[in-house]
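Take a look at the structure below.
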Amino acid sequence: MSDDRTVEIEDYTAPAGGWGSMKSLVEISAREKVGPEVIRELARQNKPDGFACVSCAWGKPAHPHVAEFCENGAKATAWELTSFRVTPAFFEQHTVSELIGWKDYDLEQAGRLTHPLKYDAATDKYAACSWDEAFAGIGAKLKTYDPTKVIFYASGRASLETSYMYSLLARMYGSQNLPDSSNMCHETTSVGLKSAIGSAVGTIHLSDYEKCDAIFYFGQNPGTNSPRFLHPLRDCAKRGVEIVVFNPLKERGLEKFQDPQNPIEMVTGKSTPIASQYHQLKTGGDVGAIMGMCKYLIEADDNAKQINGLPVLDHAFLAEHTTGFEAFAEVARATEWATIEHESGLPRTEIEAAAKVYAKSKAVIAVYGMGLTQHVGGIDNVHMVVNLMLLRGNIGKAGAGMGPVRGHSNVQGQRTVGITEKPELAPLDKLAEQYGFEPPREKGWDTVEACEAVLDGSAQAFVGLGGNFVRAIPDHARMEPKWRALDLTVHIATKLNRSHLLPGETSYLLPCLGRIETDMQGTGPQSVSIEDSFSQIYGSKGKATPASETLLSEPAIVAGIAKATLAPNPKLDWDAWVRDYARVRDAIEVTYPDLFKNFNDQMFTPGGFWKGVPAAHREWKTKSGKAEINVPQALNVTGFEEAEGRFRLMTLRSNDQFNTTVYGYHDRFRGVKGTRDIVFMNRSDMIRMGITDGDDVDLVGDAGDNSDRRLNKLRVVEYAIPEGCLGAYYPECNLLIPVAHHARESHVPAAKSVPVRIEKTR
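Those letters in the sequence shown? Residues 4 to 765, by my numbering.
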């Protein structure tokens, strides 16, 4: 398709929210040609008896706002309720070879998929097939493979019911290869928090934001990624909570917010300042910055002891609840300030100013996102935040704790009900007893390992429950040719994306209902459930008119594949589950009785019901039985050394996208309109390299592995970004990330510190 958009680069000075947000919603509603139904659905979005947003995992409050949706959540709703359709006639007009040249935006903008499709290599087109034909064909192929060579990927949007069924399908088939979205984002949280405090998820409740007196905020952008978070942040700022931000870029949602639901603010133009301190550290500089704060606190406590002053640290808590403090304290004392300043990119005065806020605060929440998790030393990042919090007992009390902000709406919940490649995280003995089969006990493939298996040819087939896997993973130029060598690819999806255009020898595209739509089954309209970032579980009811009468629900599709693939099992009636999802929830409760007690009765509790997090009440499920203070391997978490001409590239979302879904070409807060082919660069670096604003440059991978990775012709945008650091958009920049460049223990792609060089475009 032609690319004739006008490119505009100009400063945007307005706050997050406000009229800019309202204008954006009007624009996408007009572009998607949505009808009045979208207004009704937005009124139900994130309400106790409504549907859970299909975008991020932010919590649903028990007492919601009149409009409990944000700009990006509303975009996601309009995107799903679009009037455009991709029917079989669309594929009669377009070959796969043509479509793969389309932009991500154009592919999804084409509309909702309406019919099951099978790829025809002779015509290079997808053609309609029946559901029975699709299930039979998929089942026949799956029966021929070694189950340990088949990948069952799950996107973080699928409900608890679907995820449970899907993980059971994979294990009954004989595969533990269950990579999911978490492998690409917050697996670092799951591994890091589990090893440090014994719980793999955050420890706070949404209500803790009403009780804290300080928030320490690392590597997360609420204005784009979780805009409903702006309301509690605004409320905190108004009551005097100090919000101390560490982030390489100035993000508008952390600077100021104008509430679109506040008529006075909208009329007067007033807004609320958010951050009380904003520290623009180097990407990958968080361990250095936190080590500096810890050093200040420990040495201030040492000094207080010498003069019989009040202690700075919570020694009673440290003695009763932690291990490892003395070893860490010695390292902190011995770390030179010059080293801390160099590695963090911040002056000592800024780090100490932040530490002083922490020292005087009685209840602190630590918030972080993928700015911490997507580094080679990502586990060290998470451990260091935990260390900071433990020094003053800020885990396991009201108004304090760990607050990782998850991405996709049910990415945390999927892990809860068995989507994991790690056998120790699934109740395999219980599943064996409940369903009368022997689950695989060996470790399966995570996302990185699945990519490696595709590259070396050991993977035979891929089944994808949502998402855009091939676009979300690293190393596009190496991965895409190998992807087409798979014998079978199956995608369950609502819209067309690039992953669908890399068919294997046999390929099926199975369109499903969206969460917003009415899901009518044998016992009537069905509800599903999800788990949010606060470990709250709640129901979701779709009421919108389905995009096509031909669509099946995700549970029905999973059941269809299962029945065509697996031998009949007297202990499992897939059809009964599809007729009534309450039966799936009953089964989940049997498998996880402690987490899902009275599941069906509780699922529509306003605000959801809490599954419980042991660390939230200071029960430490670690090897030592205590919270563990860890010494980082290094202050540099990038996984590569500094070198002349080498930059640290961080991949970013635009304000007009969610994950791989691109809603448009307007990154409003950063002043970019009409293009995604840009790179943000520091003025000093530009002068040093003889580059001016608006020049075209190529980014060249600098991993030193003899692979040629290059992203050509990006427009340079002068920006307030630390020297030696660059910013550019995900997923386009994923082709610069080697598959092997990932967090050490969690295998999360290190997308926030990618080694690259810059060359002027010829």
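We put the CB at the ideal spot given by N, CA and C, even for glycine.
Exercise. If Y108 and G667 are in contact, beta carbons under 8 Å, what's the gap, nearest whole angstrom?
Worked result: 7 Å
For this session: Please state if the CB of E164 and the CB of R588 are separated by a distance shorter than 8 Å.
Result: yes
Exercise. Excluding five sequence neighbours on each side, which residues of the same chain lie with their C-beta closer than 6 Å to the C-beta of N1?
Worked result: Nothing in the structure corresponds to residue 1, since the chain is present only between 4 and 765.
For this session: Can you give me the Cβ contacts of H479 inside the same chain, cut-off strictly under 7 Å, excluding the 5 residues immediately before and after it?
Result: N737, L738
For this session: Note the first and the last residue of the continuous beta strand (DSSP E) segment covering A3.
Result: Given that the chain is displayed from residue 4 to residue 765, the structure contains no residue 3 and the question cannot be resolved.
Exercise. When the distance is taken between beta carbons, is I519 closer than 8 Å to E83?
Worked result: yes
Exercise. Where S133 and E95 are concerned, what is the direct C-alpha to C-alpha distance, given to the nearest angstrom?
Worked result: 17 Å
Exercise. Just how far apart, CA to CA, sit L110 and V99?
Worked result: Cα to Cα, L110 sits roughly 11 Å from V99.
For this session: Could you tell me the boundaries of the beta strand (DSSP E) in which M387 lies?
Result: No beta strand (DSSP E) contains M387, which is instead part of the alpha helix (DSSP H) from 381 to 394.
Exercise. Does DSSP classify R588 as helix, strand or coil?
Worked result: Of the three classes helix, strand and coil, the one that applies to R588 here is helix, per DSSP.
Exercise. What are the boundary residues of the alpha helix (DSSP H) that includes N603?
Worked result: For N603, the enclosing alpha helix (DSSP H) begins and ends at 602 to 605.
Problem set entry | Enclosing beta strand (DSSP E) for S551 [first to last residue] | Premise fails: S551 is in no beta strand (DSSP E) and is neither H nor E.
Exercise. Using DSSP with H/G/I as helix, E/B as strand and the rest coil, what is H234?
Worked result: helix
Exercise. Which residues does DSSP pair with M653 in a beta bridge?
Worked result: Under DSSP, M653 takes part in a beta bridge, and its partners are G730.
Exercise. Which term fits Q463, buried or exposed, when burial requires 16 or more other beta carbons within 10 angstroms of its beta carbon?
Worked result: buried
For this session: With DSSP as the reference, label L491 as helix, strand or coil.
Result: strand
Exercise. Is it true that the CB of G226 sits closer than 8 Å to the CB of L800?
Worked result: The structure shown does not extend to residue 800, since the chain is modelled only from 4 to 765, so the question has no answer here.
Exercise. Where V39 and M606 are concerned, what is the direct C-alpha to C-alpha distance, given to the nearest angstrom?
Worked result: Sequence check: residue 39 is Pro here, not Val. Going from the Cα of P39 to the Cα of M606 covers about 29 Å.
Exercise. Quick one: Cα of V420 to Cα of N306, how far?
Worked result: 49 Å
Problem set entry | S551 to P477 span [Cα, whole Å] | 34 Å
Exercise. How about Y220 and V247: do their beta carbons lie closer than 8 Å?
Worked result: For Y220 and V247, yes; Cβs fall inside 8 Å.
Exercise. Just curious, the alpha helix (DSSP H) that N662 is in, first and last residue?
Worked result: Per DSSP, N662 belongs to no alpha helix (DSSP H) and is neither H nor E.
For this session: Report the three-state DSSP secondary structure of E534 (helix, strand or coil).
Result: strand
Problem set entry | Bridge-paired residues (DSSP) for T98 | Answer is none; T98 lacks a bridge partner.
For this session: List in chain order: all unbroken alpha helix (DSSP H) runs of 4+ residues lying wholly within the stretch 10 to 77.
Result: 21 to 35, 40 to 47
Exercise. Below 8 Å between beta carbons: does that hold for G291 and I218?
Worked result: no
Exercise. From Y511 to A124, what distance separates their C-alpha atoms?
Worked result: Each residue's alpha carbon lies about 12 Å from the other.
Exercise. For Y511, which beta-bridge partners are listed by DSSP?
Worked result: K121, V493
Exercise. Buried or exposed: which applies to P725, given that a residue is buried once 16 or more other Cβ atoms fall within 10 Å of its Cβ?
Worked result: buried
Exercise. If you run the structure through DSSP and keep just helix, strand and coil, what is S502?
Worked result: helix
For this session: Compute the Euclidean distance between the alpha carbons of D680 and G104, then round it to the nearest angstrom.
Result: Their Cα atoms are separated by approximately 16 Å.
For this session: Pull up the distance between the alpha-carbon of R481 and that of R487, whole angstroms please.
Result: 11 Å
Exercise. If you drop the 5 nearest sequence neighbours on each side, which residues of the same chain put their C-beta closer than 7 Å to that of Y733?
Worked result: These residues qualify, in order along the chain: T654, L655, R656, A754.
Problem set entry | Length at least 3, wholly inside the stretch 310 to 364: the beta strand (DSSP E) runs in chain order | The stretch 310 to 364 contains no whole beta strand (DSSP E) run of 3 or more residues.
For this session: Identify the continuous beta strand (DSSP E) that holds F260 and give its terminal residues.
Result: Per DSSP, the continuous beta strand (DSSP E) segment holding F260 begins and ends at 259 to 261.
For this session: Within the same chain, show all residues whose beta-carbon is closer than 7 Å to that of R444, passing over the 5 residues directly before and after it, in chain order.
Result: Hits under 7 Å: P426, L431.
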